[in-house]
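A.B. asks: Reminder that position 12 of the sequence shown reads as 1 in this note's numbering, one-by-one numbering, no gaps.
All C-beta atoms, glycine included, are put in the ideal place defined by N, C-alpha and C.
The structure presented is a predicted model; accordingly, all values stated were derived computationally and were not measured.
Starting off with a structure, shown below.
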Amino acid sequence: MTETYIEVKNLTKRFGEQIAVDNITFSVNKGEVVGFLGPNGAGKSTTMRMLVGYYIPTDGVAKILGYDCIEQSLEVRKHTGYLPENNPLYYDMYVKEFLLFMAYSQKISKPSQRLKEVIDLTGLGPEQHKQIGHLSRGYKQRVGLAHALLHDPEVLILDEPTSGLDPNQVIEIRNLIRELGKERTILLSTHIMQEVEQVCSRVIIINKGRIVADGDPAHLKKTIFSRRKFRLEIKEKIKGTPQVLRKWYVEPISPGHWFIYSSSEEDIRPELYELCVENNWTLLTLVEEEQPLEEVFHKLTMGS
Ligand SMILES: Nc1ncnc2c1ncn2[C@@H]1O[C@H](COP(=O)(O)OP(=O)(O)OP(=O)(O)O)[C@@H](O)[C@H]1O
Ligand SMILES: [Mg+2]
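Written as structure tokens, this is what we have:
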């Protein structure tokens, strides 16, 4: 049996006239790492804030491990680690001092032992004696994650955990999230498609407060693009699109070089190869082109 760890049903949040989150429904099962993807202002942070009980929904229900995020917010917080957008921290405090202070204020049992565990888990060891304000952004992010992990929650809600980091730090934090995802259920928001493809088993795309897609990233690409895309390049500098290629949708790139779209799941490479032989064309390239998740995102969020 799959267990639902996060459940959102007809969730809506209005700020005056504006609808930030518009009647969204989704659930996340135990062990899933879900990417919450959407452009600026889509409603990602607002949804996450309702999940952690920071905003009261205008309508609908949000539950974590079956606990209502408003009515049973204490239980929800016991089981949920939250990394807020922009990761607010006490810059004057020292890493260890801050985490220990948080551990005591959360009444965590064996605080010193747990402190050591989260420091190891987040790779904060070499920086643990520094003042938070003196840390690099990547390490500040680790402090935020360590804080979220202190009470060993089953569910993690991470609002743009890699934003503002340099490329090396991004890789490190993504690896850390992947590691955390082995034992925890994670909902993370991001603008970055590669992040979803590298870290998440599922993506939920939100736009203008509404969910526009939900599924496995690879499957999503297949369903959004009903056509497969191939690149054909020959040595002969043929201009335009030769008659024999016109049974497909063709996009000329340069003389003797085209993108060809098959109308279905069909792999048309054998047929294209035969055509080259029949027409005495010297084949240079014949490959299937990956259709990036960026384009799925663009199609779903920029379309009318
Ligand atoms: N406290 C608030 N008062 C008024 N409007 C708000 C408030 N919080 C969010 N909004 C509005 O709700 C909409 C959704 O904002 P939200 O922060 O959830 O977007 P987001 O998807 O997290 O965007 P980003 O990628 O920029 O972080 C925005 O138009 C925003 O201005
Ligand atoms: Mg946000």
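Can we count I27 as close to ligand 1, meaning its CB is less than 7 Å from some heavy atom?
C.D. replies: For clarity, residue 27 is Gly in the given sequence; the question names Ile instead. Result yes, Cβ under 7 Å from ligand 1.
A.B. asks: Can you list the alpha helix (DSSP H) stretches of 4 or more residues lying completely in the segment 140 to 204, in chain order?
C.D. replies: 156 to 169, 182 to 188
A.B. asks: Would DSSP call S243 helix, strand or coil?
C.D. replies: Note: S243 maps to strand in three-state DSSP.
A.B. asks: Roughly how many whole angstroms lie between the Cα atoms of E184 and Y(-6)?
C.D. replies: Take the alpha-carbon of E184 and the one of Y(-6): they are about 22 Å apart.
A.B. asks: With which residues is D48 paired in a DSSP beta bridge?
C.D. replies: D48 is bridged to T1.
A.B. asks: What span of residues does the alpha helix (DSSP H) with L275 cover, start to end?
C.D. replies: Unbroken run through L275 is the beta strand (DSSP E), 272 to 278; no alpha helix (DSSP H).
A.B. asks: Based on the DSSP output, what are the partners of P106 in its beta bridges?
C.D. replies: Checking the sequence shown, residue 106 turns out to be Glu, not Pro. According to DSSP, which records beta bridges pairwise, E106 is partnered with nothing at all.
A.B. asks: Using only CA atoms, which one of Y128, K119, L124, H118 lies nearest to T111?
C.D. replies: Y128
A.B. asks: Bridge partners of D57, per DSSP?
C.D. replies: Beta-bridge pairing links D57 to K52.
A.B. asks: What is the rounded straight-line gap between the Cα of I283 and the Cα of A137?
C.D. replies: Residue identity differs from the one stated: residue 283 is Glu in this sequence, not Ile. Using only the alpha carbons, I get a separation of about 30 Å.
A.B. asks: Taking its Cβ as the centre, do 16 or more other Cβ atoms sit within 10 Å of R235, making it buried, or is it exposed?
C.D. replies: exposed
A.B. asks: Determine the burial state of Y80: buried for a count of at least 16 other Cβ atoms within 10 Å of its Cβ, exposed for fewer.
C.D. replies: Residue environment analysis places Y80 among the exposed positions, since fewer than 16 neighbouring C-beta atoms fall within 10 angstroms of its C-beta.
A.B. asks: For a test of the three-state rule: what should DSSP assign to E86, helix, strand or coil?
C.D. replies: helix
A.B. asks: What residues does ligand 2 have around it, judged by CB closer than 7 Å to any heavy atom, in chain order?
C.D. replies: K33, S34, E74, D148, E149, S178
A.B. asks: State the Cα-Cα distance for the pair G170 and G5, rounded to the nearest angstrom.
C.D. replies: 37 Å
A.B. asks: Any heavy atom of ligand 1 closer than 7 Å to the CB of H287?
C.D. replies: No, the Cβ of H287 stays beyond 7 Å of every heavy atom of ligand 1.
A.B. asks: Among the candidates E277, G198, T174, whose CA atom is the shortest distance from the CA of E254?
C.D. replies: E277
A.B. asks: Between the beta-carbon of L40 and the beta-carbon of I53, is there less than 8 Å?
C.D. replies: A contact, by the Cβ cut-off of 8 Å.
A.B. asks: How would you label D205, buried or exposed, when you count the other beta carbons within 10 angstroms and need 16 or more for buried?
C.D. replies: exposed
A.B. asks: Answer yes or no: do E(-8) and K19 have a C-beta to C-beta separation smaller than 8 Å?
C.D. replies: It is a contact, given that the beta carbons lie within the stated cut-off.
A.B. asks: Shortest alpha-carbon distance to K197 belongs to which of K33, P150, H118?
C.D. replies: K33
A.B. asks: Beta carbon of Q7: closer than 7 Å to some heavy atom of ligand 1?
C.D. replies: yes
A.B. asks: Any heavy atom of ligand 1 closer than 7 Å to the CB of A31?
C.D. replies: yes
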